[in-house]
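One structure below.
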Amino acid sequence: MLEQQKQASQVSASTEKHTELEGIRQKVFMDRYSLKDPSGQPLEFYPEQLWARVARGIAAVETTEEKQAYWEKRFNEALADFQFVPGGRILAGAGSGHQVTFYNCMPPEQEVLTADGYRPISEIKIGDLMVTHRNRLRPVLHKFERETEETLYIIRPQKVSYDDLRVTGDHKVHIIRSEWVNKHRSP
Numbered sequence: 004m005l006e007q008q009k010q011a012s013q014v015s016a017s018t019e020k021h022t023e024l025e026g027i028r029q030k031v032f033m034d035r036y037s038l039k040d041p042s043g044q045p046l047e048f049y050p051e052q053l054w055a056r057v058a059r060g061i062a063a064v065e066t067t068e069e070k071q072a073y074w075e076k077r078f079n080e081a082l083a084d085f086q087f088v089p090g091g092r093i094l095a096g097a098g099s100g101h102q103v104t105f106y107n108c109m110p111p112e113q114e115v116l117t118a119d120g121y122r123p124i125s126e127i128k129i130g131d132l133m134v135t136h137r138n139r140l141r142p143v144l145h146k147f148e149r150e151t152e153e154t155l156y157i158i159r160p161q162k163v164s165y166d167d168l169r170v171t172g173d174h175k176v177h178i179i180r181s182e183w184v185n186k187h188r189s190p
């Protein structure tokens, strides 16, 4: 699969327009988002290659080739020229051939509310019941663990007596006014 992606990236590298990144933009792109082969060598050198891979990867869930082609084109149009920039896990994972999730993260010691009270998220198992944002118990269907050196942000609720919440920068948080926000305080 990676060999096919390598060939596709090489073909698109020679036939399409390219956004030339410089300095820190290029370093972040190459270090964090560019698809790599098993030895760590980059297979993508330009954002256009990444956008094509991500669009293809997201559209792959469609049930017919026609729907896949339709949505791949639509996703690619949305991503083009940085009009829409999804979270880093989506950029790094979609279409990579790796079985990864596009979810965001909390540190292992972060406590979450379960049917049995608060427990560190690292102790949660598939099938455990957790309390949702609607105060309902629902079973855990998937679990994702990874090492990261990303900055953790601390959210300290001011009007309720909850513990601090520690999350990575891309993690959405449901707040009392019933909408998702992505604004965190620095640690």
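For the sequence shown, our numbering gives the first residue as 4, with consecutive numbering after it.
Yeah, the Cβ is synthetic: ideal placement off N, Cα and C, and Gly gets one too.
Values in this document were obtained by computation on a predicted structure and should not be read as measured data.
If we ignore side chains and look at the alpha-carbon of each, how far apart do residue i and residue j end up?
i, j, result
"Val143", "Leu53", "31 Å"
"Lys20", "Asp84", "11 Å"
"Val30", "Ala97", "Inspection of the sequence shows that residue 30 is occupied by Lys rather than by Val. Straight-line Cα distance between these residues: approximately 20 Å."
"Thr171", "Lys76", "31 Å"
"Arg126", "Asp119", "Reading off the sequence, residue 126 comes out as Glu, not Arg. Cα to Cα, the separation comes out at about 12 Å."
"Leu155", "Ile93", "19 Å"
"Phe32", "Gly100", "19 Å"
"Val88", "Asp131", "33 Å"
"Glu153", "Pro110", "10 Å"
"Gly43", "Arg122", "37 Å"
"His68", "Gly26", "First, the amino acid is wrong: residue 68 is Glu here, not His. Rounded to the nearest angstrom, the two C-alpha atoms are 39 Å apart."
"Asn138", "Glu112", "22 Å"
"Pro45", "Ile124", "33 Å"
"Pro190", "Gln86", "In this prediction, Pro190 has a pLDDT of 49, which is less than 50 and means its spatial position is unreliable; what the coordinates show is noted afterwards. Going from the Cα of Pro190 to the Cα of Gln86 covers about 29 Å."
Given that a residue counts as buried once 16 or more other Cβ atoms are within 10 Å of its Cβ, and exposed if not, what is residue i?
i, result
"Ser37", "buried"
"Leu140", "exposed"
"Phe48", "buried"
"Phe208", "This structure gives no information on residue 208, because the portion of the chain shown stretches from 4 to 190."
"His136", "exposed"
"His174", "buried"
"Glu6", "Caution applies to Glu6, whose pLDDT of 41 falls short of 50 and renders its modelled position unreliable; the model cannot decide the point."
Could you say which of the options lies nearest to residue i if we only look at CA atoms?
i, options, result
"Arg159", "Arg169, Glu153 and Glu152", "Arg169"
"Leu116", "Met133, Ser125 and Pro110", "Met133"
"Thr1", "Ile61, Pro50 and Met33", "Given a span of 4 to 190 for the chain in the structure shown, any question on residue 1 remains unanswerable."
"Asp40", "Pro89, Ile27, Ala95 and Gly130", "Ala95"
"Asp167", "Gln44, His174, Glu152 and Glu114", "Glu114"
"Arg56", "Glu69, Trp74, Thr67 and Glu25", "Trp74"
Just confirm the distance between the C-beta atoms of residue i and residue j, as a whole number of angstroms; I'd bet it's less than 8 Å.
i, j, result
"Gln71", "Glu65", "5 Å"
"Ala58", "Leu82", "6 Å"
"Lys146", "Ile157", "Not a contact, Cβ separation roughly 23 Å."
"Arg35", "Gly91", "6 Å"
Heavy atom of the ligand MN less than 8 Å from the Cβ of residue i, yes or no?
i, result
"Ala58", "As presented, the structure is devoid of all ligands, the ligand MN included, so that no description of it is given."
Which full runs of the beta strand (DSSP E) of 3+ residues lie inside the stretch 71-142, going along the chain?
114-117, 120-123, 132-134 and 140-142
Alpha helix (DSSP H) runs wholly inside the stretch 25-80, at least 4 long, in chain order
26-31 and 50-62
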